[in-house]
Every structure is written in structure tokens, then in C-alpha cells.
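To start, the structure itself, in C-alpha cells.
In full-length UniProt numbering, the protein residues as written are 1 to 351.
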């Protein structure tokens, strides 16, 4: 197939077979060329455009992207990404053909977002998601010219390293005001063990080893608009067993024994993230303490360990980080304080 003469009309036409983005065989026919050279030129342009099917819309490309993403990411992550796409990306790009999306069009979309009252980190998240979709087209559908690379990103270009932490004194003031045992224990685990809040809320009684003073972290709770879901932890390294202070383990055991009857598989903390957060906010205000997020208890725990010169590899393993690099990137600004200790060690050397 190729370029042909239409003897009835006295014009030229192009007829050929090609595979679309989904691997289906398609027949393409284009009529009405006055000259053979015009028909051949159109044929060449069409074939070149098949590096990413000329007729594919952004909406259909996204369907391919999210179907692939689903089998590689946690359910909660997929839901979060889909919400962002449906709210901020598809309304603008869905009906555009990929070939028609230019850097200028992406720039217009970015300017529209920049006029909204979104944080830099949220803008970065939206922008990175659009980038991921175009990278998917580059990698699997041979998109030659990625318009996102020219338009560039928006939002914060790097993750915010600073965060609020509490000292031992801060936490001591706070915890004395928590009167309900179940919430007191929850906050103590967050501060003294550094769990993610999802890991905390997924704990069951059978996850606590009262003989060895250890907590087995093997699941997490994620939340979205559809409710809560218990699932495997964030990464393979998140599955871990960590030491829990003996006094806290005894406190958990006393709480367990206060029940007339209980199920070992029942959640230790049968309340929501919001219930925990409300108590944090109200007690912090009452005690005139610096406002922090639930996740900042984890940062406070890591900061305390590093301040006490605990080996960073041990801290990384305790936190369930993917590798030490993640720990260093998050807490590097705290580590230089240990230089004083290094100087002490070297100054003690004598010959």
C-alpha cells in the first residue's frame, strides 16, 4: 500500500496499514491530493508521526499509564494519583491529541495552577505526575519530542528538609495532659519508636512481643475518600521488628489486661487518624507548645537518636527506610552536630 491515483476524481490518495498505540492493526486512507508529491509528503509525515500514534489523545494515553502503574504501586498511592489527575490534569489535557500538546500549552496549564492558592510542594506533585505520563510515552511509545522537558517543572524543586520537632521536655509536658490510656500509649509509641501513623493504627495486640519488648511492624492503614484499607507497609524495608522501651511495653500489657475479653487480632488503636490529630492540636494549644504534625513525632524520634549519636545505619533500619541514603537526605542537617563528638574523640588521641 502507498500512494495511488484516483482515476475517477483525477486526484491522488494514500492508503496504508499501521499499528495503533494499543497494538491493533488499523487501515488509513486519505484522499483529495491534487499532486502525487503532496500525497507522498503526507504519507511520510503520517508514518513519522506513528512514533506515538497521531490520533491518540492524552486521555487514552493516561488510561494506558494508570493501568501499568496499578500493578506496580500500592492501592492508596494509585488512588491518590488518580484523584490528582482527575482534578488537575485531565480537565485540561484529556481531549488533546498528544501530537498537538506543545510546551506553550503546558505552560498555560502551569500558569493556571500557579494562580491558585496551592503550596509549592503540592504544585510539584501535580507537575511531576504530568511529567511521569509523558516519560511513559517516551519510554514505551517512542515519543520523540517531550513538550514537558521544554516547559519545565513548577513548584518546589526539592523536598522540604526542615520540619518541626519536639524535645523530651516538650513531649513530657504534652503527654502528662493525655488522660485516656489508649491515646497516651499511641503518642508514646510514635515518639519513642518512630512509627509512621499508618503503621501505628494498624497494630494489633499480637504484634507486641511482651517477652522480648519488641513490636512487629508488618502492615499499615491507608486512608482516602473511600475509607481505610489495611495493606502491606510502604516498602519491603518497612517490614521490621523494633525494640520498644520496657516501661512502655508494660503499659501496653496493663492496657491489654484491662479488657474483660479481647481478640489478639483486634487493632490496638481502634480510632482514626483525625481523632489522633484533634487531640494533638488541642493539647498542644492548651500547653502552649509548638504546633507539629503527627508525622513530626517520627522526625522527633529520629532527631533524638541522632543527637544521642546512635549509628545512622541503625536509625535507618529502625525507621524502615529503603536505604541509608533516604535517612541521610532527610536528616543530614542534624548530623553535623556530631562533629563536636568527632573532635572530642580525635583530641583524646595522644602518643
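Quick reminder that beta carbons are idealized off the backbone N, C-alpha and C, glycines included. All of these numbers come straight from a predicted model, not from anything done at the bench.
According to DSSP, what are the bridge partners of residue i?
i: residue 3; result: 14
i: residue 216; result: 241
i: residue 231; result: 220
i: residue 9; result: In the DSSP output, where bridge partners are listed per residue, residue 9 has none listed.
i: residue 267; result: 204
Can you tell me where the alpha helix (DSSP H) holding residue i begins and where it ends?
i: residue 121; result: 120–141
i: residue 149; result: 147–151
i: residue 65; result: 58–70
i: residue 198; result: 197–202
i: residue 298; result: 296–307
i: residue 107; result: 103–114
i: residue 82; result: 75–84
i: residue 254; result: 246–257
i: residue 290; result: It is not in any alpha helix (DSSP H) - residue 290 carries neither H nor E in the DSSP assignment.
i: residue 181; result: 181–193
i: residue 280; result: 273–286
i: residue 154; result: Careful: residue 154 lies outside any alpha helix (DSSP H) and carries neither H nor E.
i: residue 332; result: First-last for residue 332: undefined, no H or E at that position.
i: residue 319; result: 312–319
Looking only at C-alpha atoms, which of the options sits nearest to residue i?
i: residue 67; options: 78, 57 and 184; result: 78
i: residue 58; options: 19, 125, 27 and 136; result: 136
i: residue 178; options: 101, 323, 285 and 6; result: 285
i: residue 212; options: 201, 271 and 242; result: 242
i: residue 30; options: 283, 46 and 246; result: 46
i: residue 181; options: 329, 17, 248 and 321; result: 248
i: residue 210; options: 201, 327, 140 and 246; result: 246
i: residue 64; options: 140, 38 and 32; result: 140
i: residue 42; options: 12, 117, 292 and 60; result: 12
i: residue 8; options: 188, 2 and 34; result: 34
i: residue 326; options: 274, 238 and 290; result: 238
i: residue 323; options: 91, 236 and 122; result: 236
i: residue 207; options: 170, 228, 256 and 175; result: 256
i: residue 218; options: 232, 228 and 205; result: 232
Can you tell me the Cβ-Cβ gap for residue i and residue j, rounded? I've got them flagged as a contact below 8 Å.
i: residue 276; j: residue 186; result: 6 Å
i: residue 151; j: residue 106; result: 4 Å
i: residue 301; j: residue 198; result: The pair is not a contact, with the Cβ atoms about 16 Å apart (cut-off 8 Å).
i: residue 120; j: residue 89; result: Going by Cβ atoms, the distance from residue 120 to residue 89 rounds to 18 Å, so no, they are not a contact pair.
i: residue 353; j: residue 221; result: This structure does not reach residue 353, given that the chain is present from 1 up to 351, and the question cannot be answered.
i: residue 147; j: residue 103; result: 5 Å
i: residue 328; j: residue 315; result: That pair is no contact at about 10 Å.
i: residue 164; j: residue 296; result: 5 Å
In the DSSP assignment, the beta strand (DSSP E) including residue i goes from what residue to what residue?
i: residue 29; result: 25–33
Given 8 Å, three or more beta-carbon pairs between the region 263–271 and the region 302–313: no
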